[in-house]
Amino acid sequence: MDDVKTFLVLLRGINVGGKNKVSMAELKKCLEELGFFGVSTFIASGNVILTSDRNADEIAAQIEAALSNAFKLDDEIVKVLVLTRDQLHAVVSDRPKGFGDHPEKFHSDAIFLMGIEAADVMPIFNPREGVDRVWPGNGVVYSERLSAQRTKSRLSSIIKSPLYKSMTIRSWSTTIKLSELIERGTHEEG
Numbered sequence: 003m004d005d006v007k008t009f010l011v012l013l014r015g016i017n018v019g020g021k022n023k024v025s026m027a028e029l030k031k032c033l034e035e036l037g038f039f040g041v042s043t044f045i046a047s048g049n050v051i052l053t054s055d056r057n058a059d060e061i062a063a064q065i066e067a068a069l070s071n072a073f074k075l076d077d078e079i080v081k082v083l084v085l086t087r088d089q090l091h092a093v094v095s096d097r098p099k100g101f102g103d104h105p106e107k108f109h110s111d112a113i114f115l116m117g118i119e120a121a122d123v124m125p126i127f128n129p130r131e132g133v134d135r136v137w138p139g140n141g142v143v144y145s146e147r148l149s150a151q152r153t154k155s156r157l158s159s160i161i162k163s164p165l166y167k168s169m170t171i172r173s174w175s176t177t178i179k180l181s182e183l184i185e186r187g188t189h190e191e192g
């Protein structure tokens, strides 16, 4: 079992606005029944850390198929993104200079991309000068809104794009916490 790795699984479209309700305990059980181990969840927005000897694409396909069988979901909006520990670490370490350093001043998010590139989605962002800023990354778009002006943010305009179905958003604080959890999990495995 030398090729066993720890992965972060981001589920898009569950437990959002009272729709696609999935209990984290039931999700954990479902994933364990698929043969994944070390399964843990973090907050109810679809963040899972698990260990497997399968590759990321296999894991994503298995979980997507299992979710639609195990839970009543709108399959149109539910999608699964699987990241390795190194990919998540790169998202955190390759952030723009100063990004996420001032949570008292800015709302910062990592917009994870699923099967599309940052160059493909950057044109759909229409940042408002002095309110929003966005930066392309590898598999991610970094988004920051001035907290005092967040009602003037144009970030929500991306929802109208068909490309939105290929994105899942996590706050920067959640992204950092997930990175810490996956690092800790990896160290526990040796």
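Numbering (my numbering), first residue to last: 3 to 192. Idealized CB from N, CA, C, for every residue including glycine. Remember, it's a predicted structure, so these values are computed and weren't measured experimentally.
Residue pairing of Asn49 in beta bridges, as defined by DSSP: Leu12 and Phe44. Under the three-state reduction of DSSP, Arg152 is assigned to helix.
In the DSSP assignment, Lys30 falls within the alpha helix (DSSP H) that extends over Met26 to Glu35. One alpha carbon belongs to Ala92, the other to Glu28, and they sit about 30 Å apart. Ranked by how close their Cα comes to the Cα of Ala58, the residues Gly100, Thr8 and Asn17 have Thr8 in first place. If you draw a straight line from the Cα of Arg172 to the Cα of Ala112, it comes to about 5 Å. Of Val18, Arg56, Ala67 and Pro125, the smallest CA-CA separation from Phe39 is found for Arg56. In this structure, Ala120 lies near Pro138, with their beta-carbon atoms less than 7 Å apart. Take the alpha-carbon of Val84 and the one of Ser25: they are about 20 Å apart. Residue burial is scored here from C-beta neighbours: Ser145 has at least 16 other C-beta atoms within 10 angstroms and is therefore classed as buried. When the Cα atoms are used, Thr177 and Val94 turn out to be separated by approximately 8 Å. Counting only runs of 3+ residues, the beta strand (DSSP E) found wholly inside the region 69 to 136 occupies 81 to 86 and 108 to 115, in chain order.
Distance between Glu60 and Ile126, taken at the CA atoms: about 30 Å. From the listed residues Asp5, Ser175, Trp174 and Leu10, the smallest Cα separation to Asp88 is found for Leu10. Burial check for Thr43: the Cβ neighbour count within 10 Å reaches 16 or more, so the residue is buried.
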